[in-house]
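What follows is a set of notes on a single structure, which appears directly below.
Protein chains: 2
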Amino acid sequence: MDGMPKLVTDLLMPDRDGGYAKGYETRELILRTALHILIEEGYRAMSMRRIAAACGMRLGNLTYHYPTREDLVRELLNAVISSYELEFGAIVHAPGLAPEERLMRLCSLIIEDIGSKKTTRLFPELWALANHDAFVYERVHELYDRARAPLVEIIAEMRPDLSEAHRLDLALFISASMEGLTVFAGYQMPFAQRMPAVEQIAIRSFIDIVRSYLPVL
Amino acid sequence: MDGMPKLVTDLLMPDRDGGYAKGYETRELILRTALHILIEEGYRAMSMRRIAAACGMRLGNLTYHYPTREDLVRELLNAVISSYELEFGAIVHAPGLAPEERLMRLCSLIIEDIGSKKTTRLFPELWALANHDAFVYERVHELYDRARAPLVEIIAEMRPDLSEAHRLDLALFISASMEGLTVFAGYQMPFAQRMPAVEQIAIRSFIDIVRSYLPVL
DNA sequence: GCATAAAATTGTCAACTGTCCTAAATTGGA
DNA sequence: TCCAATTTAGGACAGTTGACAATTTTATGC
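For the protein sequence lines, the chains are A and B, in the order given.
For the first sequence, the positions run 55 to 271 when this note's numbering is used.
For the second sequence, the positions run 55 to 271 when this note's numbering is used.
Given below as structure tokens:
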């Protein structure tokens, strides 16, 4: 399809409870196809009929597996976000390394993912949806909470003198800084080629601020 | 409506060429109403009929002023983005101040704007649209180019030793960092209350990195 | 105030949307 | 192998969408 690396597996399907194997495969095809349309053409184009057609199946079959569009969207988000959670859960358990080094590697991984087509295209859609849909809002920020956790841990090692709240502030800034790169240096964005340089700046900046941050009282 | 400050005037209408004053007012009402729906309910809800109804007019009249939905969206984006461009064009012409001080003020203004309901809600929609619409992509990044210009200027004063490309890299990082705050600490976002603390971290971090950045060869 | 350009109304069109229902085909365990 | 559960097909429904055309109403320069 696109690039080969695929940092994050596209979808993490929920466990199959009952039903035939065929149905499970069909549901996976449906969600994968829906995700593809969402990424390539946007949320507006992701209609039930459009998904069914792209799957090569009839509308009736689609609505058999996902009775309403809301059901489909919820399951799609769950599957997509779960795959990111899985990824960030398995990351950076590299003990023995200095916290600075682990911070660098973690940020590198996140920024590399931000440069991927999937993430660059998907997350702006999620951010827009989250502004008008409580379920999406909840699920997206739950993901960010988990992605921030290892960051907070590393910061805690580097700055045991700081309160938990101040560590969170630092993690928030770092997290937000990286996410913001999506729009400017993400996949096919105007400054995608500058990503390596900006990444260096970002990581240097993050280490500096974590080392030197002195909260105002 | 919401908060009173209104950093950026909502819309900058194009000059009226021909037509009655009534028509001009109607077009302004249409775009203002469309923007309101876009912010409150998202792009999907912004249908021609929905806009017409919210304006208290008939669909036929709406399509008289904007024959196609695409026309309306284009004009809306032009008007909205123009108002931001006007804002950032008139900003931070405060000579006599140290560049660090001007950098701080500029970033404060941008971050304050990011915390507003309008910007927090509007820009994620624009980012998502830009991924699937060349016109929106063009217009949004044109806006960012202009918003980055004063940043690059200040960086040039602080770091005359750097090449233009490296100044741009720094400006990109700073710009992206701030935009990223939208999702985490923007209007009604989970960490909106931490915005002041994160802003302090951001600005300290920006000044540090601009002062100390040493590009790799 | 009047004539005319502009604006607004009203109704219609085909295409698309999500949801639902029934019947046929398929799957996979007994 | 057979049969019941599951999956798929196919059609229908009411509602919505963007676009268009004919008509009436309103605004404004002369």
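Note that the Cβ used here is the ideal one computed from N, Cα and C, for glycine as well.
Since the model is a prediction, treat every value here as computed from it, not as a measurement.
Under the 8 angstroms Cβ criterion, the stretch 216 to 226 of chain B does not count as touching the stretch 218 to 231 of chain A, having fewer than three qualifying pairs. Residues of the stretch 178 to 189 of chain A with a Cβ closer than 7 angstroms to any Cβ of chain B, in chain order: 178, 179, 181, 182, 185, 186. Put simply, the CB of residue 244 of chain A is near chain B, with a gap under 9 angstroms to one of its CB atoms. For residue 90 of chain B, the nearest beta carbon of chain A is not closer than 9 angstroms to its own beta carbon. Just measuring C-alpha positions, the residue of A:266, A:138, A:84 sitting nearest residue 123 of chain A is A:84.
Note on geometry: alpha-carbon atoms of residue 186 of chain A and residue 255 of chain B lie some 29 angstroms from one another. In the DSSP assignment, residue 147 of chain A falls outside any alpha helix (DSSP H), carrying neither H nor E.
In the DSSP annotation of this structure, the continuous segment of the alpha helix (DSSP H) that includes residue 250 of chain A starts and ends at 249 to 266. Short of 7 angstroms from the beta carbon of residue 97 of chain A, and not among the five residues preceding or following it, lie these beta carbons of its own chain, in chain order: 179, 183.
In terms of CA proximity to residue 264 of chain A, B:252 leads the group B:265, B:252, B:270, B:271. Taking 9 angstroms as the cut-off between beta carbons, the residues of the stretch 211 to 227 of chain B near chain A are 219, 220, 222, 223, 224, 226, 227, in sequence order.
Taking 9 angstroms as the cut-off, the beta carbon of residue 139 of chain A is found closer than this to the beta carbon of residue 197 of chain A. The three-state reading of DSSP puts residue 270 of chain A in coil, since its state is none of H, G, I, E or B. Annotation: the continuous alpha helix (DSSP H) that includes residue 90 of chain A extends over 75 to 95. Counting the other CB atoms within 10 Å of its CB gives residue 270 of chain B a total below 16, which places it among the exposed residues. If the five residues before and after residue 78 of chain A are omitted, its C-beta is found closer than 7 angstroms to the C-beta atoms of 70, all from its own chain and listed in chain order. Neighbours of residue 233 of chain A across chain B, judged by C-beta separation under 7 angstroms: 234, 237.
Taking 9 angstroms as the cut-off, the beta carbon of residue 88 of chain B is found closer than this to the beta carbon of residue 105 of chain B.
With a contact defined as Cβ atoms closer than 8 angstroms, residue 92 of chain B and residue 100 of chain B qualify at about 5 angstroms. In the same chain as residue 244 of chain B, and ignoring 5 residues on each side of it, the C-beta atoms closer than 8 angstroms to its own belong to 238, in chain order.
For residue 193 of chain A, same chain residues with a beta-carbon under 6 angstroms away, outside a window of 5 residues either side, are 131, 135 in chain order.
At a cut-off of 9 angstroms between beta-carbon atoms, residue 260 of chain A makes contact with chain B. Listed along chain B, the residues sitting closer than 7 angstroms to residue 248 of chain A by beta-carbon distance are 223, 226. Listed along the chain, the chain B residues whose CB falls inside 7 angstroms of the CB of residue 251 of chain A are 223. Counted as a single uninterrupted DSSP element, the alpha helix (DSSP H) harbouring residue 184 of chain A occupies residues 171 to 184. In this structure, the beta-carbon distance from residue 202 of chain B to residue 229 of chain B falls below 9 angstroms. For residue 112 of chain B, the three-state secondary structure derived from DSSP is coil. In the structure shown, residue 243 of chain A falls within a coil segment according to DSSP collapsed to helix, strand and coil. Identification of chain A residues near residue 255 of chain B by a Cβ-Cβ cut-off of 7 angstroms yields 223, 224, 227, 263, 267, ordered along the chain.
A direct Cα-to-Cα measurement between residue 129 of chain A and residue 90 of chain B gives close to 30 angstroms. Taking all protein chains shown into account, residue 116 of chain B has 16 or more neighbouring C-beta atoms within 10 Å of its C-beta and is therefore buried. Residue 158 of chain B carries a helical assignment under DSSP once its states are collapsed to helix, strand and coil. DSSP, reduced to helix, strand and coil, places residue 214 of chain A outside both helices and strands of the structure shown, so it counts as coil.
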